[in-house]
Amino acid sequence: MKEIIILVVLLPLMVKAQLPDHIYKPNIHSVKLYKYGDIYSYPVMALNGNDQLELHFDDMDADIKNYYYTYQLCNADWKPANIQPYDYIRGFQTNRISTYRNSSIAQTRYTHYQVTIPDRSSVPTRSGNYLLKVFLNDDTSRLVFTKRFLVVENKTSVSAQVLQPFNSQFFKTHQRLQVAVSNTNAQINTFSPQDLKVVIVQNNIWSASLLIDRPTIFRGNYYEYSNEESTTFPAGKEWRWLDLRSLRLISDRMQRIIDTAKRTEVIVKPDGERRQQVYVYFHDLNGIYTVENNDGDNPYWQSDYANVHFSFFPPGNRPYEGKSIYLFGELTNYSADESSRMIFNEERGAYEKALLLKQGYYNYSYVTMMDKKQSDNNNTMSFENTEGNYWGTENNYMVLVYYRSFGARVDELIGFARLNSIFQR
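Position in the sequence shown counted from 1, then plus 2, gives you the working numbering.
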């Protein structure tokens, strides 16, 4: 009986510890993981290749701590794989992050940490989905944050294109993908079309990704995924932007800058609904942010932080009935939770949210979700009320192909492709 009680108590903690792209400590800010030297890229690397990734983050306690990291192999659905770490890590299981520097020329004090992975003494040996897990004092139970990255072993040929839906209900507001996978030259034995899984991710938003486990057409070594019901995304609109690269000059989306003895306050120009506005294309970063600085030489430890105040005015200055509104993008880890939920100010008739942000260039949007009392089990984020959807919107897509051989306990990532909808218009 005692063993059962202990298992019930520990199970929620084990599940919580595996949340992808999640920050567990309030002193950690500006976590960025991308390909080495490319601040706009998604962290993808080839198995047994020379690719490297950069990890950067700030500790607002401004002291020196012993941070370590490790890798967790996951299946296509981001649940931990049922194999031991020594089956997918060659070398040390944990590694210390030894490169750090105190902030300088900045009003806000913090310690910046960075590391390049994989280290030659600790290398992933299998393809698939990975969580980079950072923790304190070489104690894996003291988890600080997690970040996703992908390791690909290209065994298939993947092609895809973005098309306008046939369905009249989605014709002007959604985008559908047509994906073709060929494993003619791959050394894999597929006993069934369902041995392959395809995942499609729009603008790095994993919570809205589509997992397809059955092809529309299957012919020999050719698999096509074109069922409109399972390959269609709301198109949204180009992301809103905020330029924080300088806290000395007011950029086009700032209303004013307030310097205080403790920290700079930035008031962003008020936002409103865009669903009735005519679609206008402009270049954006599709929801990510970059750490950049026009006031100093090094953006990582010479950038300052500011309390950034966002406000959204709904129609008639009245709150949405039965819905909550969230500030959305990489700046809130693409999550709709209490940390990104906006509070309605009755006096102003506006939703408000303040975030502590580092100098850089930010993309963001507003999404709505039904409140728990009004929602069902399939409650999803929606751009419909706040942004609107237009089929010609420029979006990035990732197509990932997973394979699990007969008797295997983990999904391999054997195909990967990136495409942009702007070339399909």
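Glycine included, each C-beta is placed from N, C-alpha and C at the ideal position.
Can you say whether residue i is buried or exposed, counting buried as having 16 or more other CB atoms within 10 angstroms of its CB?
i           : result
residue 145 : buried
residue 251 : exposed
residue 196 : exposed
residue 173 : exposed
residue 162 : buried
residue 181 : buried
residue 285 : exposed
residue 92  : exposed
residue 423 : buried
residue 347 : exposed
residue 122 : exposed
residue 85  : exposed
Quick one: give me the first and last residue of the beta strand (DSSP E) that residue i is part of.
i           : result
residue 105 : Looking at the DSSP string, residue 105 is not in any beta strand (DSSP E), and its letter there is neither H nor E.
residue 235 : 234-236
residue 93  : 91-93
residue 49  : Segment: none, residue 49 is in no beta strand (DSSP E) and carries neither H nor E.
residue 120 : First-last for residue 120: undefined, no H or E at that position.
residue 184 : 176-184
residue 407 : Unbroken run through residue 407: none, as it is neither H nor E.
residue 58  : 55-61
residue 385 : Taken as a continuous stretch (DSSP letters only), residue 385 belongs to no beta strand (DSSP E), as it is neither H nor E.
residue 159 : 159-165
residue 347 : 345-347
residue 221 : 219-221
residue 147 : 145-154
residue 75  : 69-76
residue 227 : 224-227
By the three-class DSSP mapping on this structure, what secondary structure does residue i have?
i           : result
residue 303 : coil
residue 208 : helix
residue 422 : strand
residue 297 : coil
residue 39  : coil
residue 362 : strand
residue 332 : helix
residue 126 : strand
residue 377 : At residue 377 the pLDDT is 47, less than 50, meaning the model places this residue with poor confidence and gives no usable figure here.
residue 195 : helix
residue 87  : helix
residue 414 : strand
residue 24  : coil
Give every residue of the same chain whose Cβ lies closer than 7 angstroms to the Cβ of residue i, excluding the five residues on either side of it in the sequence, and list them in chain order.
i           : result
residue 80  : 22, 131
residue 137 : 70, 144, 145, 146
Who are the near neighbours of residue i in its chain, counting only those whose CB is closer than 6 angstroms to its CB and skipping five residues on each side?
i           : result
residue 342 : 328, 329, 334
residue 258 : 269
residue 116 : 58, 101
residue 43  : 36, 37
Give every residue of the same chain whose Cβ lies closer than 8 angstroms to the Cβ of residue i, excluding the five residues on either side of it in the sequence, and list them in chain order.
i           : result
residue 356 : 309, 310, 311, 312
residue 301 : 293, 294, 295, 361, 362
residue 110 : 62, 265, 306, 307
residue 233 : 178, 179, 180, 181, 202, 212, 214, 227
residue 48  : 153, 154, 155, 156
residue 371 : 325, 326, 328, 338, 377, 381, 382, 383, 384
In chain order, each beta strand (DSSP E) run of at least 3 residues that lies wholly inside the segment 244-327: 256-260, 266-270, 291-293, 307-315
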